[in-house]
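Numbering (this note's numbering), first residue to last: 1 to 302. Every residue, glycine too, gets a C-beta built ideally from N, C-alpha and C. As the structure is a prediction and not an experimental result, all values here were calculated from the model.
The structure is reproduced here in structure tokens:
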């Protein structure tokens, strides 16, 4: 295919484009060559010819690793869309039904309550008519995946730093934090929150933003709870609290089923302490329509 740019001809070879997509997806020429059932030297030559023909460097090469340049990342997005459209064209021509659902890749913090993740997934699939891939990880990992365009959206409780112009954010929830405990801790409702002083406490780990907000509240109130354990997993926190090991501080929304079954009881609410949740997406040339729609309209229904 011949394309004219600034009075210069650029030839786009779709075989080369496909080889590029395979190498970019597999992460190395060796793995791509194995998938394509061709020799590594031949594939390497084809890749070099492709870069020369379009006049753009697509890979950063170091030792045996091949990382995409910024232009390479953009080219990969286009390549995937081109071959996706080609597949749909052939299916349509042969009267085969093809899905028109948009695919959305959503990353959530591994500290995000599973109940919240479930509601989020249900609302996305129902309202957006799309298929969904859910990924979990730490803030830094997910943001990096977002920047690399391997994830469309991230749900986080803290805004990413130093990403001006790269990221767009939308607040989707502001969740009040409550103190929960087993039935034996109900007497702590009296003189709350001072009643929490020296009481057994199961806290989030230091890498959770909420941990710092809770610690700050306790410090201002002159409260020193007896920290018995700390855990990253909110589900583990709830199970430990149900077992009577101590009180926990989580959004009421994240434990409403346990409260309804009276396995956990609300001791009190921390005044002016909230967990705020955000949707974050990265700036990119090819936008995911589902991600755009969610950034415009989505909010968690408490």
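>> What would DSSP say about residue 224, mapped onto helix, strand or coil?
In response: The count along the chain shown starts at 1 and reaches residue 224 at position 224. Correct three-state label for residue 224: coil.
>> With three or more C-beta pairs closer than 8 Å as the rule, is the segment 193 to 212 touching the segment 236 to 247?
In response: They touch, by the three-pair rule.
> Considering only residues of the same chain and omitting the five flanking positions on each side of residue 254, which have a CB-CB separation below 7 Å?
Replying inline: Position 254 of the chain shown, counting from 1, holds the residue named residue 254. The residues are 113, 115, 116 and 234.
> So, helix, strand or coil for residue 38, using DSSP?
Replying inline: The residue you call residue 38 lines up with position 38 of the chain shown. In the three-state DSSP reduction, residue 38 falls in the coil class, being neither helix nor strand.
> Nearest CA to the CA of residue 266: which residue from 222, 190 and 281?
Replying inline: Locating residue 266 in the chain shown gives position 266, counting from the first residue. Comparing Cα positions, the closest option is 190.
> From which residue to which residue does the beta strand (DSSP E) around residue 245 run?
Replying inline: Here the question's residue 245 lines up with position 245 in the chain shown. Annotation for residue 245: no beta strand (DSSP E) segment contains it, and DSSP assigns it neither H nor E.
> Where residue 82 and residue 230 are concerned, what is the direct C-alpha to C-alpha distance, given to the nearest angstrom?
Replying inline: Position 82 of the chain shown, counting from 1, holds the residue named residue 82. Position 230 of the chain shown, counting from 1, holds the residue named residue 230. In this model, residue 82 and residue 230 are separated by some 48 Å (Cα to Cα).
> Near residue 103, what residues of its chain come up, given a Cβ to Cβ distance below 6 Å and the 5 sequence neighbours on each side ignored?
Replying inline: On the chain shown, residue 103 is found 103 positions in, with the first residue counted as 1. Same-chain partners within the cutoff: 131.
> On the three-state DSSP scale, how would you describe residue 211?
Replying inline: Within the chain shown, the letter at position 211 stands for residue 211. DSSP places residue 211 in helix when its eight states are reduced to three.
> Within 10 angstroms of its Cβ, does residue 286 collect 16 or more other Cβ (buried), or is it exposed?
Replying inline: On the chain shown, residue 286 is found 286 positions in, with the first residue counted as 1. In the assembly as shown, residue 286 is an exposed residue. Its beta-carbon has fewer than 16 other beta-carbons within 10 Å.
> Mind checking whether residue 179 and residue 252 have CB atoms under 7 Å apart?
Replying inline: Taking the first residue of the chain shown as 1, we reach residue 179 at position 179. Taking the first residue of the chain shown as 1, we reach residue 252 at position 252. In this structure, residue 179 lies away from residue 252, with their beta-carbon atoms at least 7 Å apart.
> If you measure from the beta carbon of residue 279 to each beta carbon in chain B, is any gap under 7 Å?
Replying inline: The question asks about chain B, but that chain is absent: this structure has only one protein chain.
> Expressed to the nearest angstrom, what Euclidean distance is found between the alpha-carbon atoms of residue 270 and residue 174?
Replying inline: Walking along the chain shown from the start, residue 270 turns up at place 270. Walking along the chain shown from the start, residue 174 turns up at place 174. One alpha carbon belongs to residue 270, the other to residue 174, and they sit about 13 Å apart.
>> Assuming residue 278 and residue 171 are in contact, meaning their beta carbons sit under 8 Å apart, how far apart are those beta carbons, in whole angstroms?
In response: Mapped onto the chain shown, residue 278 falls at position 278. Mapped onto the chain shown, residue 171 falls at position 171. In this structure residue 278 is in contact with residue 171, their Cβ atoms being roughly 6 Å apart against a cut-off of 8 Å.
> Under the three-state reduction of DSSP, which class applies to residue 86: helix, strand or coil?
Replying inline: The residue given as residue 86 occupies position 86 in the chain shown. Residue 86 falls in the helix class under three-state DSSP.
>> Taking the beta carbon of residue 225 as the centre, do at least 16 other beta carbons fall within 10 Å, making it buried, or is it exposed?
In response: Taking the first residue of the chain shown as position 1, residue 225 is located at position 225. Residue 225 is buried by the Cβ-count criterion.
> Can you round the beta-carbon distance between residue 108 and residue 136 to whole angstroms, since I take them to be within the 8 Å contact cut?
Replying inline: In the chain shown, counting from the first residue as 1, residue 108 sits at position 108. In the chain shown, counting from the first residue as 1, residue 136 sits at position 136. Residue 136 and residue 108 do touch by the CB rule: their CB atoms are close to 6 Å apart, below 8 Å.
>> If distances are taken between C-alpha atoms only, which option among 49, 48 and 120 comes closest to residue 300?
In response: Sequence index remark: in the chain shown, residue 300 carries index 300 (1-based). Closest option to residue 300, Cα to Cα, is 120.
> Whose C-beta lies closer than 7 Å to the C-beta of residue 48 among residues of the same chain, with five residues either side of it excluded?
Replying inline: Taking the first residue of the chain shown as 1, we reach residue 48 at position 48. There are no such residues.
> Under the DSSP definition of a beta bridge, which residues are partnered with residue 203?
Replying inline: As a first step, residue 203 is located in the chain shown; it is residue number 203 there, counting from the start. Beta-bridge annotation (DSSP): residue 203 is paired with 230.
> Are residue 167 and residue 280 close, meaning C-beta to C-beta below 7 Å?
Replying inline: Against the chain shown, residue 167 aligns to sequence position 167. Against the chain shown, residue 280 aligns to sequence position 280. The Cβ atoms of residue 167 and residue 280 sit closer than 7 Å to each other.
> Cα separation between residue 157 and residue 210?
Replying inline: Along the chain shown, one-based indexing puts residue 157 at 157. Along the chain shown, one-based indexing puts residue 210 at 210. In this structure, the CA atom of residue 157 is about 8 Å from the CA atom of residue 210.
> Helix or strand or just coil, what does DSSP make of residue 114?
Replying inline: Translated into positions along the chain shown, residue 114 becomes position 114. Here residue 114 sits in helix by DSSP.
> Under a Cβ-count criterion, where at least 16 other Cβ atoms within 10 Å of its own Cβ denotes burial, should residue 154 be classed as buried or exposed?
Replying inline: Stepping through the chain shown from its first residue, residue 154 is reached at position 154. Residue 154 is buried by the Cβ-count criterion.
> Which of helix, strand or coil does DSSP assign to residue 187?
Replying inline: Taking the chain shown and counting its residues from 1, the one referred to as residue 187 is at position 187. Judged by DSSP in its simplified three-state form, residue 187 adopts helix.
>> Applying the 10 Å Cβ sphere with the 16-neighbour rule, what's the burial state of residue 262?
In response: Counting from 1 along the chain shown, the entry for residue 262 is found at position 262. Classified as exposed, residue 262 has fewer than 16 neighbouring CB atoms from the shown chains inside 10 Å of its CB.
> If we count the other Cβ atoms within 10 Å of its Cβ and call it buried at 16 or more, is residue 142 buried or exposed?
Replying inline: Numbered from 1 along the chain shown, position 142 holds the residue referred to as residue 142. With 16 or more neighbouring CB atoms inside 10 Å of its own CB, residue 142 falls in the buried class.
> How many Å lie between residue 152 and residue 295 at the Cα?
Replying inline: By one-based count along the chain shown, residue 152 stands at place 152. By one-based count along the chain shown, residue 295 stands at place 295. Their Cα atoms are separated by approximately 11 Å.
> Smallest Cα separation from residue 239: which of 181, 284 and 268?
Replying inline: Here residue 239 refers to the residue found at position 239 of the chain shown. Minimum Cα distance to residue 239 is reached at 181.
> Helix, strand or coil: which one does DSSP assign to residue 272?
Replying inline: As a working note, residue 272 is residue 272 in the chain shown. The answer is strand: DSSP assigns residue 272 an E or B state.
> So the beta strand (DSSP E) residue 172 belongs to, where does it begin and stop?
Replying inline: One-based indexing of the chain shown puts residue 172 at position 172. In this chain, the beta strand (DSSP E) harbouring residue 172 covers 167 to 181.
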